[in-house]
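**Q** If you want my numbering, it's the 1-based position in the sequence shown plus 70. Backbone N, C-alpha and C define an ideal beta-carbon position, used for all residues, glycine too.
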Amino acid sequence: MNILDLLLIAVALSMDAFAVAVSSGIVSDSPGCKNIIKLAFFFGFFQFLMPVLGWLLGSGVSSYIEKIDHWVAFGLLAFIGVRMVIEAVRGDDAQKDIADPFATKTLFVMAIATSIDALAVGISFALAQVDIWSSSIIIGIVTFSISAVGVLIGKKVGSVFKKSAGILAGIILIGIGVKILIEHMS
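1. Kindly indicate which residue of 82, 251, 198 has the alpha-carbon position closest to the one of residue 117.
2. For the alpha helix (DSSP H) containing residue 181, list its first residue and its last residue.
3. Since residue 71 is in the alpha helix (DSSP H), which residue starts that stretch and which ends it?
4. What residue range is occupied by the uninterrupted alpha helix (DSSP H) comprising residue 124?
5. Would you report the Cα separation of residue 164 and residue 73, rounded to the nearest angstrom?
6. Alpha carbons only, please: which of 255, 246, 256, 240 is nearest the one belonging to residue 152?
7. Helix, strand or coil, according to DSSP, for residue 200 in the structure here?
8. In whole angstroms, what is the alpha-carbon distance linking residue 175 and residue 146?
9. For the region 193–204 and the region 82–95, state whether three or more C-beta atom pairs, one from each stretch, are separated by less than 8 Å.
10. Less than 8 Å separating the beta-carbons of residue 186 and residue 121?
11. Near residue 188, which residues of its chain fall below 6 Å by C-beta distance, leaving aside the five closest residues on each side in sequence?
12. Return the residue from the list 98, 205, 192, 126 that minimises the CA-CA distance to residue 220.
13. Restricting to Cα atoms, I'd like to know which of 184, 223, 139, 238 is closest to residue 159.
14. Between 76, 256, 244, which lies nearest to residue 21 when the distance is taken from Cα to Cα?
15. Between residue 195 and the ligand ZN, is the CB less than 7 Å from at least one heavy atom?
16. Going straight from the alpha carbon of residue 41 to that of residue 197, what length do you get?
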């Protein structure tokens, strides 16, 4: 596999993370450098880790993973998205930590949900005998970079649409979950 192919795969894998990063930037008043790096690290790390896990699993279990991966991703993203919409509609500060896109627990769930497809890529890398370490490092770095830019874009969009930003961010997450579900069901 050449470097251009790998970069294209990395960008494609990072698009869901980018969309979630944009929605996180939208709902945040001011994400700050620490939170941007934290989100980008989570997304980049899981996009690095999942191909490695997929590669280790190999082709023996790929059919089992492919049967449920889209449902898991949909469920996780829809859950977080619905919570963000509810919190935005209520305006309830007591619920703020549930919908906080930079909370460690939330980042963990979103990073897993947006990187499940990278697990399948790792399985295909095993079958194609692709060097998993360099490939996964590139995928992780690309996702880290794209996610950080996504938060900054979301921050700009969020300042323009302040009133409905939380609802928009939740709908984006739900939409990504639905997109994953539809792609795998067709």
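**A** Put simply:
1. Along the sequence shown, read from residue 1 onward, the residue named residue 117 stands at position 47. It is 82.
2. Translated into the one-based positions of the sequence shown, residue 181 becomes position 111. Start and end: 174–197.
3. By one-based count along the sequence shown, residue 71 stands at place 1. That residue, residue 71, is in no alpha helix (DSSP H); it is neither H nor E in DSSP.
4. Numbered from its first residue, the sequence shown carries residue 124 at position 54. Where residue 124 is concerned, the enclosing alpha helix (DSSP H) stretches over 102–127.
5. The count along the sequence shown starts at 1 and reaches residue 164 at position 94. The count along the sequence shown starts at 1 and reaches residue 73 at position 3. Bear in mind that the predicted position of residue 164 carries a pLDDT of just 40, short of 50, making it too unreliable to give a figure here.
6. Your numbering for residue 152 matches position 82 in the sequence shown. Of the listed residues, the one whose Cα sits closest to residue 152 is 240.
7. The residue you call residue 200 lines up with position 130 of the sequence shown. Note: residue 200 maps to coil in three-state DSSP.
8. The residue you call residue 175 lines up with position 105 of the sequence shown. The residue you call residue 146 lines up with position 76 of the sequence shown. Rounded to the nearest angstrom, the two C-alpha atoms are 12 Å apart.
9. no
10. Along the sequence shown, read from residue 1 onward, the residue named residue 186 stands at position 116. Along the sequence shown, read from residue 1 onward, the residue named residue 121 stands at position 51. No. Outside cutoff.
11. As a first step, residue 188 is located in the sequence shown; it is residue number 118 there, counting from the start. The residues are 83, 117, 120, 121.
12. The sequence position of residue 220 within the sequence shown is 150, counting from 1. Out of 98, 205, 192, 126, 98 has the C-alpha closest to the C-alpha of residue 220.
13. Position 89 of the sequence shown, counted from the first residue, corresponds to residue 159. Out of 184, 223, 139, 238, 238 has the C-alpha closest to the C-alpha of residue 159.
14. This structure cannot speak to residue 21, because the chain is shown only from 71 to 256.
15. No copy of the ligand ZN appears in this structure; indeed no ligand is present at all.
16. The structure shown has nothing for residue 41, since the chain only spans 71 to 256.
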